[in-house]
Each structure stands twice: as structure tokens, then as C-alpha cells.
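Colleague:
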Amino acid sequence: MRASRMNLTTLREDPAEAEIASHRLLTRAGFLYKSGAGLYLYGPLLQRVVERIRRIVSEEINRAGGLEITMPIMQEQALWERSGRWATYQASRTMLTVKDRSGQVFGLAPTAEEVVTDYASKVVTSYKQLPVTFYQQHTKFRDEIRPRFGLMRVKEFIMMDAYSFHDTTASLDVTYDGMRVAYQRAFRRLGLEAFAVEADSGAIGGSGSHEFMVAAAVGEDTILYNADSGYAANVERAHGRIAPAGPWTAPVAATLVHTPAVGAITDVIGFLNTNGYADVQAVHALKCVLFVAKTATADHTVAAFVRGDRDVNEVKLTNAITRLLGDAGPVLNLRPMTPDEVRAATGAEPGFAGPGTGLKVHLAVADKLTLDPAAPTVAGANKTDHHLVGFRLDRDAGVTLTWDDLVTIRAGDGDPKGTGVLDEKRGIEVGHIFKLGTKYSVAMGAEYLGQDQKRHPFIMGCYGIGTSRVAAAAVEQHHDADGIRWPVTIAPYQVVIVPTGKPGDAAVEQAAEGIYQELLSQGIDVILDDRDQKPGVKFKDWDLVGIPYRIVAGRGVAEGLVEVKPRGGEVANLPIAQAAAAAAIWIKERIAERNAAADAVR
RNA sequence: CGGAACGUAGCUCAGCCUGGUAGAGCGCUUGCCUUGGGCGCAAGAGGUCGCAGGUCCGAAUCCUGUCGUUCCGACCA
10 MRASRMNLTT LREDPAEAEI ASHRLLTRAG FLYKSGAGLY LYGPLLQRVV
60 ERIRRIVSEE INRAGGLEIT MPIMQEQALW ERSGRWATYQ ASRTMLTVKD
110 RSGQVFGLAP TAEEVVTDYA SKVVTSYKQL PVTFYQQHTK FRDEIRPRFG
160 LMRVKEFIMM DAYSFHDTTA SLDVTYDGMR VAYQRAFRRL GLEAFAVEAD
210 SGAIGGSGSH EFMVAAAVGE DTILYNADSG YAANVERAHG RIAPAGPWTA
260 PVAATLVHTP AVGAITDVIG FLNTNGYADV QAVHALKCVL FVAKTATADH
310 TVAAFVRGDR DVNEVKLTNA ITRLLGDAGP VLNLRPMTPD EVRAATGAEP
360 GFAGPGTGLK VHLAVADKLT LDPAAPTVAG ANKTDHHLVG FRLDRDAGVT
410 LTWDDLVTIR AGDGDPKGTG VLDEKRGIEV GHIFKLGTKY SVAMGAEYLG
460 QDQKRHPFIM GCYGIGTSRV AAAAVEQHHD ADGIRWPVTI APYQVVIVPT
510 GKPGDAAVEQ AAEGIYQELL SQGIDVILDD RDQKPGVKFK DWDLVGIPYR
560 IVAGRGVAEG LVEVKPRGGE VANLPIAQAA AAAAIWIKER IAERNAAADA
610 VR
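Number 611 marks the last residue of the first sequence (our numbering); no jumps.
1. Assuming residue 33 and residue 19 form a contact by the criterion Cβ under 8 Å, report the distance between their Cβ atoms to the nearest whole angstrom.
2. Can you tell me which of the three DSSP states residue 536 falls into?
3. Tell me whether residue 213 sits in a helix, a strand or coil according to DSSP, three-state version.
4. Tell me which same chain residues have a C-beta within less than 7 Å of the C-beta of residue 269, skipping the five on either side of it?
5. By how many angstroms is the C-alpha of residue 521 removed from the C-alpha of residue 589?
6. With a floor of 4 residues, list each alpha helix (DSSP H) that falls wholly inside the region 202-279, ordered by position along the chain.
7. Following the continuous alpha helix (DSSP H) through residue 49, name the residue where it begins and the one where it ends.
8. Between the C-alpha atoms of residue 218 and residue 182, what's the straight-line distance to the nearest angstrom?
9. Would you decide whether residue 306 is buried or exposed? Buried here means 16 or more other CB atoms lie within 10 Å of its CB.
10. Of the choices 359, 261, 24, 380, whose alpha-carbon is the least far from that of residue 410?
11. Based on DSSP bridge pairs, tell me the residues matched to residue 423.
12. Check whether the region 285-294 and the region 325-341 are in contact - that is, three or more C-beta pairs closer than 8 Å.
13. For the structure I just gave you, are there three or more beta carbon pairs, one from the region 416-424 and one from the region 234-253, closer than 8 Å?
14. Are the Cβ atoms of residue 502 and residue 10 separated by less than 8 Å?
15. Three or more beta-carbon pairs under 8 Å between the region 107-124 and the region 150-169, yes or no?
16. Touch check for the region 375-389 and the region 337-354: three-plus C-beta pairs under 8 Å?
17. Compare the C-alpha of residue 30 against each of 591, 572, 541, 485 and name the closest.
18. Checking the sheet assignment: what are the DSSP bridge partners for residue 442?
19. Please report the distance separating the alpha-carbon of residue 575 from that of residue 499.
20. For residue 543, count neighbouring C-beta atoms within 10 Å of its own C-beta (all shown protein chains included) and say buried if the count is 16 or more, exposed if not.
21. Using a threshold of 8 Å, state whether the C-beta atoms of residue 207 and residue 172 are closer than that.
22. Once you ignore the five residues that flank residue 44 on each side, which residues in its own chain have a CB closer than 7 Å to its CB?
23. Counting only the same chain and skipping the five closest in sequence on each side, list residues whose C-beta sits under 7 Å from that of residue 528.
24. Among 320, 322, 554, which residue has its Cα nearest to the Cα of residue 577?
25. Sorted by chain position, which residues of the same chain lie with C-beta nearer than 7 Å to residue 156's C-beta, five sequence neighbours on each side aside?
26. Is it buried or exposed, residue 42, if we count other Cβ atoms within 10 angstroms and call 16 or more buried?
27. Report the CB separation of residue 596 from residue 439 in whole angstroms; it is logged as a contact under 8 Å.
28. Between which two residues does the alpha helix (DSSP H) holding residue 453 run?
29. May I have the straight-line CA-CA distance separating residue 449 from residue 367, to the nearest angstrom?
30. Can you look up residue 40 in the DSSP assignment and give me helix, strand or coil?
31. With respect to the beta strand (DSSP E) encompassing residue 169, which residues constitute its N-terminal and C-terminal limits?
32. If you measure between the beta carbons of residue 176 and residue 446, is that distance less than 8 Å?
33. Closest to residue 178 by C-alpha separation, out of 279, 474, 465, would be which residue?
34. Do you know offhand how far residue 316's Cα is from residue 378's?
35. Going along the chain, which unbroken runs of the alpha helix (DSSP H) with 4 or more residues stay wholly within the region 47-124?
36. Rounded to the nearest angstrom, what separates residue 319 and residue 296 at their Cα positions?
Okay, here's the thing in C-alpha cells:
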């Protein structure tokens, strides 16, 4: 490709709304154009990057046995009602809908379990066809509350979504592990350092779920991990060991104490320390957080209790409530109570809620890891400006408690698998694998005929990779002060040739053209920068765009030399005749490294 | 959903408080100069100031509404 024909448009200044490197650089280098909030046009360069990502992902899913298909983006409401997900997606308002001329309502695919399950139920009729995996890489829609960070969180994006069908859980386990390997191979070929973490699988079915994370400070997920034991989990599901609270000098019976205008636990403890309870600490307090959990049929008021120094994990709480509700669930939405709702539930100003008498909620859940029912605590008294000191859950509770896992694990907590301590980092979720079980097949009546001559619902797995998000994650992981440093496997072009020198310098132009033609003939994706620009402009542009390898034909040409330079690497001078071969070899070596890394995946 | 800010040239922004009919830098076009890190010289094109009302002799500027964008927040008691 000749640069004069590429419609290359680079910006010298950062776009005003870009907060993270990938958004900033992709916009400045002309890969990305914002069409609306959370809506982006992929420019010619990004199109090539996405195409390469797509190809590598497809190759790996194919290798794992996947069959590529294309499913409709517009999906009938009736189909989604068969799985029961129409209501949940309407409640959470994450699905965009459209109407056709007759008024029929369609959802725009956020995922495609319903469509593919319906398909499988029609075309997969015998156990002899199992296992089978269908997948696509297609546009998805999510009505995000807040799209942001450029390509990272958008309303419309490209996702690889795969769905596997099985007759046994053992078969699902095999495919699930095969997909894990395929993902890891794909990410290594794509040049991403991704790692698998245990993920929340929701309270409904699902015997396992892992997310694939790219470590990045701008990531929206928090991961707890221990490099020694290999434990890694999303904070939404992470387990840990937490040191128990030590003893303190508590009154024998729960004692009502006037704690004027101190609602927050640290303030309450500080107040008590100077008013007769010198050794009580936040770990001895009982934190009560009030929520409203919405299900399809009702709003349930919920009180959640954790130790005073810890936080409630809303994902864990949602799952706990769903387990508690059973058939009355699932929880579609969980939100903190408004101050007015808190007053109604406790009869007190916010800040003084507790599990004693006077608390009026439908459900009360206590954290089993951090709370000891027999230990004395400090709890809100459900009376403005008052706490109960020496309160015991086993003796003084005014509500019926359910014990479950609610606490948010944090750095410094013990590794649940061993003796080490957990650390914390941020990650970008680029993939997710999930054992679905029979949730969709049972709901939708998707069955096959087994060897036993009986009908059985499919056992399913589903798997996703954020194809377009991978491009953004790659930039987050590979950039420097000058611009993007694309991994060779996904770079829009692999080599750029920059002729410099006086216009009409025939020797320079011939050298550049010769190298260009030679690389083209070798199938290398190469750019010849034939623009009438000063060298500085050209160098800046290609560093920004992130082409991995650069050949400069300039003042050395008189001595028969050109310069070669990998992006971010050292300059070397080579005879003109050797430049193309050197570039081709360098490219092939980098690709071979990626493939070797992929082959090393266990 | 709640709150705040912003919307002026392709981009980044100034002008608005104190109304008088629009500016800078970059980019773009043309010509000259020539070419090793975006910064040589000159000339030029380009905006009914998001949209709709209102006030006024006069509105980018003041008022109201509306649309859009961005950021923050949604209560851990």
C-alpha cells in the first residue's frame, strides 16, 4: 500500500474526551472515529487489525472443533421469552429493542443462547452428533449505563460467541478445557498477556466459570491472586481467609448507648473509645447495609451484615438472596435503599441500622466468614443516635438470619488455597468461558435422543471473546510515548518503507521501490511512504500508527545502504539488496515466537 | 436514575461575566524553499457560534426550553 492512497489522518493533539491510552492513541492515529456516544466507526487501519484478530480467534476456535455460523442480530421477543431472559434483560435494561412495521418487538443480540439453542434443538437430534460447538464473530449490542474508554465499553461491538452442546458433564468438561486452551493459544498469538481467573457464575446453575483478564491499570475488574499458589479470582467471587477479631471488654448484656451524630463505624468506635470502651475496634462492630432486591414479581427489602471493618459484596449478596428466594427468584436488580427507605425500615436516621428489634426487612443475610454469632459486637440500635454495645447475634437478633458468603475479599487477606496472602490488581476482561448446564435447554425444550432411546436436554457451555475489545487491550499493553507498538500478528501493516532525501532523488526512490516490490512479492503487508512530507512527519506518523518494522532509504543510499529498525528497537544499516529479506525474516521470527508460545499452552 | 459541566472552523481551544454581527494554534489549499524526528517562507479557503423560542434597535454573549456530549454520584450506616 502506498501511503499517499491510505487516507492516513493523524492528529497532533489528544482528543478531549480520551482518558486512557488506547482511546487516545487509536483516535490520534486515525484508527477510530467516534460516531456517537459508545458508537465508533472503525477506520481502514482498525478494520485490518480487527480482521487479523478475528482470523486468529477463528483459527483457534476451529482448532478446538468449533463450527462457525452467523446468527441474526435481530431476535424475536418470543424466542427470548422461552428462556425467561426477556424479563431479566428488560429489568436490567441492558438489551436494546426495535420494532418492525407491524409492531413486533425484537431484541438486538447481547448474546445468542436462545437462537443457538433453538437451532441445535432442530439440527442436533441424536447423541451421535454430540458434542458439537457452534460459534460466530458478530456484532453485539448492550445498552450500557455509561459507555466509556473508547473501544473498551461501547454500545455496539464485535464478540466471538461460542456455544457447546453435550450429553454428559464429562463431555462438557473436555470441551470447556479445550476452549480454555484455545483462548490461551489465541491470546498468546495475539500478543496479549492474558490469564484466567475464577469468575462469578451467578446463582443459577453453572458449575464453573472463568474470565480471561489482561492486566492493565485502567481495567474495570479487580482481581485477587496469589502467584505462589496460582489462585486468581475476580473480586466478585473471590474467597479468602480473614483473621478473626480478637476479644474485647464487652458488657455482659447488650447495652443501649447514646452515640450522638456518629453513624459511620469508625466514628462510632472513636466515640466509644473515649466513652468507656477503650479497647473496642472496628473489627468488633457489626455493619448493617440495607438494600432492595427486585425480582420479576416483587421488591424485597434486605439487610446484609458483615464485620465492621469489611464491605458487602453486592454480587455475592445477589447470589445469596437468589438462593434464599428459590422459586421466587431470581434477583434481577439489587440497589441500596434510599435514605427514606432506610428510615422506614429502621425507624431511625441512616447510620443506626442494626439486626436487633425494630428492623423491618423481608430478608436478613449475615456473612458467615467474618461474623461470629456468639461474639459481642457493636450494632446500630434502630434508634437515631444510639448503638447497642455487647450485642450478640445468637441472643439479641430481632430478625431471622440466613448465613452466607457476603464479604468482599481484599488484598492482604489469606489465600483460600494455601498459606500465602492475596494481592490485588486490575484487569480488562477479554474473554469468558462458562458451564451453563441445562438452563437453556430445559427452559426451551431443546432435547436430543440418547442411546437409551429417551429424550434428554442438552448440557451446554458458552464462551465469549471480545474481538474488538482485544484491539483496545492490545494497545493498553503495547504502547509508549511515541504511539502504539502493535504485536506483529495483529499490526495493520507489518513493514513501512520511508524514502527520505531530496524530491526526485532517483537512487532513493529506486531503492525504496525495489524493496517495496520485493516485500509485496513475499506476501508481507508493507507500506511505501510516497507522501511529499518531511522525514520528521513520516517518522512521527509511523511511530504513532505503530508499524512494527521500518526501513529508511535516505542518505545512506549513495553508499548502497538503508536503515532498518524494529519499532522501539535499534537501528541497523544493511545493504539495499538485503533489506527486504531482513524484514521478512524478522517478521517471520516474531510470528514464530508467538506460535511457539501458543504451542506451549497446556 | 440523581448531580454538574460543556456544545464556537476538520482538531485543540479563546471570546460570553461587562450584547455592537467571530478569533488563535494545528490541520487543509496554492506557490516558493528543500527534506533525518511533526516547529522554513508567503498567500488563501473554511464557522448562519448544537437547535428552537424569548428579551433587545442589535444576541456566540442575557433568559427559557430542547437535543447532544462529557464527568461525578447512586448512600457499606
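Idealized CB from N, CA, C, for every residue including glycine.
Modeller: A quick look at the data gives this:
1. For a cut-off of 8 Å, the C-beta gap from residue 33 to residue 19 is around 12 Å, too long to register as a contact.
2. strand
3. Because residue 213 carries a pLDDT of 46, less than 50, the predicted location of this residue cannot be relied on, and no value is offered for it.
4. 394
5. 10 Å
6. none
7. Not the alpha helix (DSSP H): residue 49 falls in the beta strand (DSSP E), residues 48-51.
8. Cα to Cα, residue 218 sits roughly 11 Å from residue 182.
9. exposed
10. 380
11. 250, 430
12. no
13. yes
14. yes
15. yes
16. no
17. Ranked by Cα distance from residue 30, the first of 591, 572, 541, 485 is 485.
18. Answer by DSSP bridge pairing, in chain order: 219, 472.
19. 15 Å
20. exposed
21. no
22. Apart from sequence neighbours up to five positions away, the residues of its chain that approach residue 44 with a beta-carbon distance below 7 Å are 50, ordered along the chain.
23. 504, 535, 589, 592, 593
24. When the alpha-carbon of residue 577 is set against those of 320, 322, 554, the nearest one is in 554.
25. 46, 47, 162, 163, 164
26. exposed
27. That pair is no contact at about 25 Å.
28. That run of the alpha helix (DSSP H) goes 448-453.
29. Taking the straight line joining both Cα atoms gives about 43 Å.
30. coil
31. Here the beta strand (DSSP E) through residue 169 covers 165-175.
32. no
33. 465
34. 9 Å
35. 53-72, 86-92, 94-101
36. Going by the C-alpha atoms only, they are around 8 Å apart.
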